[in-house]
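Visitor: Let me give you the structure first, and then I'll get to my questions.
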Amino acid sequence: MPILAHFSDNEGRCLSSCRVCGAVMTEDSPRKIRVVLCMGEYCSLGRRAERLYAQLQPLVNDLNTHAPPNARIKLETARCLSMCAVGPNCVLYPDDVVFNKLKDSDVEEKIAPILKEMLQHGQES
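This is the structure in structure tokens:
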């Protein structure tokens with residue numbers, strides 16, 4: 330018998346069929362989708378990171394408006410993602426999708442479709 334069979338959540342459900350990802354997640358646990366944009370010195374040259382953030386913010390707000398309750402997106406900034414040579418950089422968690430050398434057009438062309446897919450996956454979980 331798996332060790333998780335001995336544990337239950339606050340509603341008394343057995344946890345033996347849960348995924349373990351550093352923490353026990355029940356099926357109704359929220360999927361934490363994070364968009365982390367580097368705002369380091371190189372990524373911010375010519376206000377590049379600021380322009381990307383200005384595009385990401387309304388995208389994230391719009392996607393959250395239509396997102397299922399168990400999947401939300403959080404937009405965050407990082408002082409540096411230690412990938413300066415290939416900046417501007419952005420990482421989508423929890424899937425660890427990395428974008429380098431971002432251009433303004435990449436927000437709608439590359440990041441938006443992946444975020445929509447991640448939200449869909451969160452709805453199916």
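When you number the sequence shown by my numbering, it's gap-free, plus one each residue, and the end is 454. Where is the CB? At the ideal position from N, CA and C, for every residue including glycine. What you are looking at is a predicted structure, and each value in this text was computed from that prediction instead of being measured.
On the criterion of 16 or more Cβ atoms from any shown chain inside 10 Å, does residue 416 qualify as buried, or is it exposed?
Guide: Counted from its first residue, the sequence shown places residue 416 at position 87. Result: buried.
Visitor: If I follow the unbroken beta strand (DSSP E) through residue 431, where does it start and stop?
Guide: Within the sequence shown, numbered from 1, the residue matching residue 431 stands at position 102. Note, residue 431: premise wrong, no beta strand (DSSP E); not H, not E.
Visitor: Would you identify the three-state DSSP class for residue 372, choosing helix, strand or coil?
Guide: Counting from one through the sequence shown, the residue named residue 372 turns up at place 43. If DSSP states are grouped into helix, strand and coil, residue 372 belongs with coil.
Visitor: Return yes when the Cβ of residue 431 is within less than 7 angstroms of the Cβ of residue 404, no when it is not.
Guide: Against the sequence shown, residue 404 aligns to sequence position 75. Against the sequence shown, residue 431 aligns to sequence position 102. Taking 7 angstroms as the Cβ cut-off, residue 404 and residue 431 do not qualify as a contacting pair.
Visitor: Taking residue 440 and residue 419 to be in contact with their CB atoms under 8 angstroms, please state how far apart those CB atoms are, rounded to whole angstroms.
Guide: Here residue 440 is taken as the residue at index 111 of the sequence shown, counted from 1. Here residue 419 is taken as the residue at index 90 of the sequence shown, counted from 1. Correct: roughly 7 angstroms between the Cβ atoms.
Visitor: My output table needs one value for residue 363: the three-state DSSP class, helix, strand or coil.
Guide: To locate residue 363, count along the sequence shown from 1; it is residue 34. The three-state secondary structure of residue 363, taken from DSSP, is strand.
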